[in-house]
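Protein chains in written order, with this note's numbering: chain F, 1 to 74; chain E, 1001 to 1171.
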């Protein structure tokens, strides 16, 4: 299981939630949150290291791209 | 690790870079490189790298770049650090220019949009208020050549005074 911490001032909460939803088919994702960040505990459904690396990486990119696409947040 | 202390990374002094396990960690000061600039640079690299942002403290922002290629060489990672630093600087500078010229950009944009709306309709022209007050023109710039230099029309002769009844009777 890999924990990814998405800080609220860097990532939009909506984007992180959409990311978790989009990657539910390829990974088991548990969401938790605190004041400063949303944490996704990701367990990819594929076991090869290259596949795991790709799923985690694409998930990070997806969350970032969605956040940027949403436009200025402050 | 500071770039100056690391002989393998040629990064600006205000960007810390670390190469590890096929990834690059860059740490920048958000007061120098604002978040919008980081977003801009990260977005450009998203097709080549996996990009992850993290905030280790209030005064720093960490960017992790991991190439999509499984095992990049150290040379490739060094190049990545340099390219990202350049892009970061470019985005920060572009943002500053945009902020400084915001008023001008907005004025030009609004003029372009109003011009794109097309010519006014007959109804618009009918409703248009042409009753502007006359402006002052002490030098006669708004006058036509004829008005200013043309032949003066002769003054009409003064009307003869009407004769009284006594004068008429005497003649």
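Positions of the beta carbon are idealized from the N, C-alpha and C atoms, including for glycine.
{"Check": "Which residues in the same chain have their Cβ closer than 7 Å to the Cβ of residue 1127 of chain E, if we skip the five residues on either side of it in sequence?", "Outcome": "none"}
{"Check": "Please classify residue 1027 of chain E: is it buried, with 16 or more other beta-carbons within 10 angstroms of its beta-carbon, or exposed?", "Outcome": "buried"}
{"Check": "Residues of chain E with CB closer than 9 Å to the CB of residue 57 of chain F, please, in chain order.", "Outcome": "1049, 1050, 1051, 1052, 1066 and 1068"}
{"Check": "Are the Cβ atoms of residue 1048 of chain E and residue 1067 of chain E separated by less than 9 Å?", "Outcome": "yes"}
{"Check": "Specify whether the stretch 1031-1038 of chain E and the stretch 34-46 of chain F touch according to this definition: at least 3 beta carbon pairs, one from each stretch, less than 8 Å apart.", "Outcome": "no"}
{"Check": "May I ask you to verify whether the stretch 52-63 of chain F touches the stretch 3-23 of chain F, counting CB pairs closer than 8 Å and requiring at least 3?", "Outcome": "yes"}
{"Check": "In chain order, what residues of the same chain have a beta carbon less than 6 Å from the beta carbon of residue 16 of chain F, not counting five sequence neighbours either side?", "Outcome": "6, 38 and 63"}
{"Check": "Measuring CA to CA, which of F:28, F:14 and F:10 is closest to residue 2 of chain F?", "Outcome": "F:28"}
{"Check": "With a threshold of 9 Å between beta-carbons, can residue 10 of chain F be considered close to chain E, or not?", "Outcome": "yes"}
{"Check": "My understanding is that residue 54 of chain F touches residue 40 of chain F, with C-beta atoms under 8 Å, so please give their C-beta distance in whole angstroms.", "Outcome": "The Cβ separation is near 16 Å, so there is no contact."}
{"Check": "Compare the C-alpha of residue 1081 of chain E against each of E:1102, E:1031 and E:1042 and name the closest.", "Outcome": "E:1042"}
{"Check": "Since I believe residue 1025 of chain E is in contact with residue 1078 of chain E (beta carbons under 8 Å), could you give me their beta-carbon distance rounded to a whole number of angstroms?", "Outcome": "About 13 Å; that fails the 8 Å criterion."}
{"Check": "On the DSSP letters alone, give me the boundaries of the beta strand (DSSP E) that residue 1060 of chain E sits inside.", "Outcome": "1060-1067"}
{"Check": "What residues in its chain sit with their C-beta under 8 Å from that of residue 1148 of chain E, if we drop five residues either side in the sequence?", "Outcome": "1140"}
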